[in-house]
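**Student:**
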Amino acid sequence: MNVKNKALKDDETDEDFIRLLLVEDDEDDYILAEDYLKEAYGKDIEITWAKNFDKAIELISSHTFDIFLIDYMLGEKTGIELTKEITSNTFVVNAVILLTGMDNREVDIEATKSGAMDYLVKQELNASLLERSIRYALKRKRIEEKLIALAQHDPLTGLANRTKFNLALSDKIQQARRDNNQFAVLLLDLDNFKEVNDTLGHSTGDSLLKITAKRLNESLRGIDMIARLGGDEFSIIAQFNHIGQGSAQIAERLIQELSVAAELDYHQIKTGVSIGIAIYPHDGVTPEALLKSADLAMYKSKRGGRGTFRYYDPEFELELTQTKKLHDELQLAIDSEQFELFFQPIIDTQTNRVIKAEALIRWNHPSKGLVGPGEFIEAAEKNSMILTIGRWVLNEAFKQCINWQNEPHMREVGVAINLSPHQFHDEELLKNVTKAISRSGLEERYITLEITETTLMEVGSVVVDRLNALAELGLDLAIDDFGTGYSSLAYLKRFPVSTLKVDRSFISDIETDDDDKVITNAIINLGNSLNKRVIAEGIETATQLTTVNEFGCHLIQGYLFAKPMPLKDFSIWVHKYHQHKD
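Going by this note's numbering, 331 is the number at position 331 of the sequence shown; the sequence numbering is gapless.
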């Protein structure tokens, strides 16, 4: 349900004015609750009364409320049904407290599953209890609103991310279909960005992405939607009266703006941009189809000399020879064992011991040399090759871990493996993991499987069953990139995960960005309160390390200690590290 909702700002306190909807079919109970609320808040609360389900729906659709106090029994319908209506929008947080005349564990569980933040028994109600419940619910609401905002925005550039862009594109399609309008989707990819990363480093690359985002914002009208979809790829939704002319003009302007050299770290960096344009409804009537058409046009633009734009043409479908080439090269890499695992240590700073190593795949390409996963995993995800690669990673990582146990300084070092979204969907996952364990002889307690938060939310209802099956094997399950997606606390409690990995996007600016510091602290506190291990990844400075240690996180991964390294180098590094700390 689309609920109007006032988002509380960071500087608001628990005593700020509250708009509350009280849904209660018994007038005496309403009066009693109203008295308690006025006793607790005085003039700092506005109470609106809905006597039944239908009246509540009417008020919710036309008014703004900060919190909802709902009776369990509402005649023919229940407060559980109303709560589900209110909390049905994944990207809007609504604070709901359920009232009931009976203390019933089943109702308590049902209330939590429906999205209620608290459950109060009427006979136990008083002003103090009600005020405390509302205060905690609003505080939790603010935290979840921050997580949602993070889930919809790119932490590096501040632009909308792919999730928010897809939502906006879906809305735009519905509006255009209703009004019989056209609009354009422009897909932008920076030229020569890889060379900047390879020669000047990822920090310079990140700075270039920030400058690009700033220039795009300055070049576009306020009505245009712009997002960073990932890497050096950006996308725009643009509406024009004369669609062809308008989208061409904006593309030309962006090409001109982004061709201007940027000064970064005393370097004059000149890149450029290639743009693909797709028009609704000619080039697609779904978000997926429009983005695919724009992507093909952008690819054609890059092939045509870069620094240009192209409109989608159906004939582009026939020109994907490069994709086929990559597919063929990946198949050859699988057949001829061109892959290699690098390892990055995870360290317990309280004991100064390496407790695990994250296994990270590299491709020894015959002509390109060592290739990172960013250049081939996405292509492998588009077909079944990712499953073959994933099985190889499992077997190889487990084999290396069992070999470590023959080395005195490595005996207690476990291994962490990333599961791709495609792997997690795979019905053969459990069998593949079990086979790899059996083949290697590795004890399950040494194994961690990492799944990204967004993967867990995408898979939907099968998540808990899949995680439970893996957990029953005795494995450690970790949520990777925690905080970048959006999972409710109720779901998090249901997941049989034992580890949360704080995403590096929060860590990178923790020394200068108060919001990142607050969010990092909140995630660490959340993990500790749920008795889950918390790992801070992307630690690169001593100040970052000190900060997360002070927050209560002592499991660390990052360049401050070591970069990912080949197997032989990793064993030597661990030996030297333990010797030094001993």
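Yeah, the Cβ is synthetic: ideal placement off N, Cα and C, and Gly gets one too.
#1: Where does the unbroken alpha helix (DSSP H) through residue 41 begin, and where does it stop?
#2: Out of curiosity, what's the CA-to-CA distance linking residue 50 and residue 39?
#3: Apart from the five residues just before and just after residue 508, which ones in its own chain have a Cβ nearer than 7 Å to its Cβ?
#4: Using DSSP with H/G/I as helix, E/B as strand and the rest coil, what is residue 145?
#5: Where residue 515 and residue 506 are concerned, what is the direct C-alpha to C-alpha distance, given to the nearest angstrom?
#6: Could you check where the alpha helix (DSSP H) with residue 153 kicks off and where it finishes?
#7: What is the C-beta distance between residue 284 and residue 278, in whole angstroms, given that I count them as a contact (C-beta under 8 Å)?
#8: With DSSP as the reference, label residue 564 as helix, strand or coil.
#9: Among the candidates 172, 334, 293, whose CA atom is the shortest distance from the CA of residue 314?
#10: Give me, in chain order, the residues of the same chain whose beta-carbon lies closer than 6 Å to that of residue 186; leave out the 5 immediate sequence neighbours on both sides.
#11: Nearest-angstrom Cα distance between residue 159 and residue 495?
#12: Can you tell me which residues form a DSSP beta bridge with residue 414?
#13: Using the Cα positions of residue 399 and residue 347, report the straight-line distance between them to the nearest angstrom.
#14: Determine whether the beta carbon atoms of residue 413 and residue 361 lie at a separation below 8 Å.
#15: For residue 77, which residues in the same chain have their Cβ closer than 7 Å to its Cβ, ignoring the five residues on either side in sequence?
#16: Check whether the region 380-395 and the region 428-442 are in contact - that is, three or more C-beta pairs closer than 8 Å.
#17: Indicate the three-state DSSP secondary structure (helix, strand or coil) for residue 448 in the structure shown.
#18: Quick one: what's got a C-beta closer than 7 Å to residue 482's C-beta in the same chain, skipping five residues either side?
#19: Please return the same chain residues whose Cβ sits closer than 6 Å to the Cβ of residue 103, not counting the five positions on each side in sequence.
#20: How big is the Cα-Cα spacing for residue 22 and residue 146?
#21: Specify the secondary structure class of residue 580 as computed by DSSP and reduced to three states.
#22: Consult DSSP for residue 219 and reduce its assignment to one of helix, strand or coil.
#23: Please give the ranges of any beta strand (DSSP E) in the region 235-269, keeping only runs that are unbroken, at least 3 residues long and fully inside the region.
#24: Note down, one range per segment and in chain order, each beta strand (DSSP E) of at least 3 residues found wholly within the region 301-333.
#25: Run the CB neighbour count on residue 479, radius 10 Å, all protein chains shown included, and call it buried at 16 or more, exposed below.
#26: When DSSP builds the beta bridges, which residues end up paired with residue 64?
#27: Can you give me the C-alpha to C-alpha distance between residue 246 and residue 268, rounded to a whole angstrom?
#28: Does the distance from the CB of residue 535 to the CB of residue 349 come in under 8 Å?
#29: What does the Cβ neighbour count give for residue 332, buried or exposed, with the cut at 16 atoms within 10 Å?
#30: Using the beta-carbon count (16 or more within 10 Å), is residue 242 buried or exposed?
#31: Using CA coordinates, which residue listed in 442, 17, 447, 429 is at the minimum distance from residue 463?
#32: So, with DSSP's three-state summary, where would you put residue 498?
#33: Whole beta strand (DSSP E) runs in the region 165-236 with 3 or more residues, listed along the chain?
#34: Output the boundary residues of the alpha helix (DSSP H) element that contains residue 623.
#35: Along the chain, where does the alpha helix (DSSP H) containing residue 79 start, and where does it finish?
#36: I'd like to know whether the C-beta atoms of residue 153 and residue 161 end up nearer to each other than 8 Å.
**Tutor:** The structure says:
#1: Stepping through the sequence shown from its first residue, residue 41 is reached at position 41. Residues 27-41.
#2: Numbered from 1 along the sequence shown, position 50 holds the residue referred to as residue 50. Numbered from 1 along the sequence shown, position 39 holds the residue referred to as residue 39. So the alpha carbons of these two residues sit roughly 20 Å apart.
#3: The residue labelled residue 508 in the question sits at position 508 within the sequence shown. So the qualifying residues of the chain are 538.
#4: Along the sequence shown, read from residue 1 onward, the residue named residue 145 stands at position 145. If DSSP states are grouped into helix, strand and coil, residue 145 belongs with the helices.
#5: As a first step, residue 515 must be located in the sequence shown, where it is residue number 515. As a first step, residue 506 must be located in the sequence shown, where it is residue number 506. Their backbone Cα atoms lie some 9 Å apart in a straight line.
#6: One-based indexing of the sequence shown puts residue 153 at position 153. Where residue 153 is concerned, there is no enclosing alpha helix (DSSP H), given that its DSSP letter is neither H nor E.
#7: Working through the sequence shown from its first residue, we reach residue 284 at position 284. Working through the sequence shown from its first residue, we reach residue 278 at position 278. Confirmed, about 6 Å.
#8: Taking the sequence shown and counting its residues from 1, the one referred to as residue 564 is at position 564. Coil at residue 564, not helix or strand.
#9: Along the sequence shown, one-based indexing puts residue 314 at 314. Cα-wise, what sits closest to residue 314 is 293.
#10: Reading the sequence shown from its first residue, position 186 is the one you call residue 186. Closer than 6 Å at the Cβ level, and outside the excluded window around residue 186, lie 236, 275, 277.
#11: Indexing the sequence shown from 1 puts residue 159 at position 159. Indexing the sequence shown from 1 puts residue 495 at position 495. Those two C-alpha atoms are separated by around 30 Å.
#12: As a first step, residue 414 must be located in the sequence shown, where it is residue number 414. The partner list for residue 414 (beta bridge, DSSP) reads 356.
#13: The count along the sequence shown starts at 1 and reaches residue 399 at position 399. The count along the sequence shown starts at 1 and reaches residue 347 at position 347. Going from the Cα of residue 399 to the Cα of residue 347 covers about 21 Å.
#14: In the sequence shown, counting from the first residue as 1, residue 413 sits at position 413. In the sequence shown, counting from the first residue as 1, residue 361 sits at position 361. Against a cut-off of 8 Å, the Cβ pair of residue 361 and residue 413 comes out as no contact.
#15: Residue mapping note: residue 77 aligns to position 77 of the sequence shown, counting from 1. Same-chain partners within the cutoff: 53.
#16: yes
#17: In the sequence shown, the residue the question calls residue 448 occupies position 448. Strand at residue 448.
#18: Against the sequence shown, residue 482 aligns to sequence position 482. So the list reads 453, 500, 501, 502, 503, 523, once near-sequence residues are dropped.
#19: On the sequence shown, position 103 is the one that residue 103 refers to. Taken in chain order, the residues that qualify are 121.
#20: Residue 22 sits at position 22 when you count from the first residue of the sequence shown. Residue 146 sits at position 146 when you count from the first residue of the sequence shown. Each residue's Cα considered, the two are about 26 Å apart.
#21: Within the sequence shown, numbered from 1, the residue matching residue 580 stands at position 580. Note: residue 580 maps to helix in three-state DSSP.
#22: For the purposes of this step, residue 219 is taken as residue 219 along the sequence shown, with counting starting at 1. The answer is helix: DSSP assigns residue 219 an H, G or I state.
#23: As far as the region 235-269 is concerned, its whole beta strand (DSSP E) runs of at least 3 residues are 262-264, 267-269.
#24: If we require 3 residues or more, the beta strand (DSSP E) runs fully inside the region 301-333 come out as 309-311.
#25: On the sequence shown, residue 479 is found 479 positions in, with the first residue counted as 1. Buried, because 16 or more other Cβ atoms sit within 10 Å of the Cβ of residue 479.
#26: Looking up residue 64 in the sequence shown gives position 64. DSSP output for residue 64 lists no bridge partner at all.
#27: Position 246 of the sequence shown holds residue 246. Position 268 of the sequence shown holds residue 268. Rounded to the nearest angstrom, the two C-alpha atoms are 32 Å apart.
#28: As a first step, residue 535 must be located in the sequence shown, where it is residue number 535. As a first step, residue 349 must be located in the sequence shown, where it is residue number 349. Contact: no.
#29: Against the sequence shown, residue 332 aligns to sequence position 332. Label assigned to residue 332: exposed.
#30: Position 242 of the sequence shown holds residue 242. For residue 242, the pLDDT reaches just 44, beneath the cut-off of 50, and the residue's location in the model is therefore unreliable, although a value from the coordinates is still provided. It is exposed - the Cβ of residue 242 has fewer than 16 other Cβ atoms within 10 Å.
#31: On the sequence shown, residue 463 is found 463 positions in, with the first residue counted as 1. Cα-wise, what sits closest to residue 463 is 429.
#32: Indexing the sequence shown from 1 puts residue 498 at position 498. Residue 498 falls in the coil class under three-state DSSP.
#33: 183-190, 225-230
#34: It is not possible to answer for residue 623, since the shown part of the chain is limited to 1 through 582.
#35: Residue 79 sits at position 79 when you count from the first residue of the sequence shown. Here the alpha helix (DSSP H) through residue 79 covers 79-86.
#36: Walking along the sequence shown from the start, residue 153 turns up at place 153. Walking along the sequence shown from the start, residue 161 turns up at place 161. For residue 153 and residue 161, yes; Cβs fall inside 8 Å.
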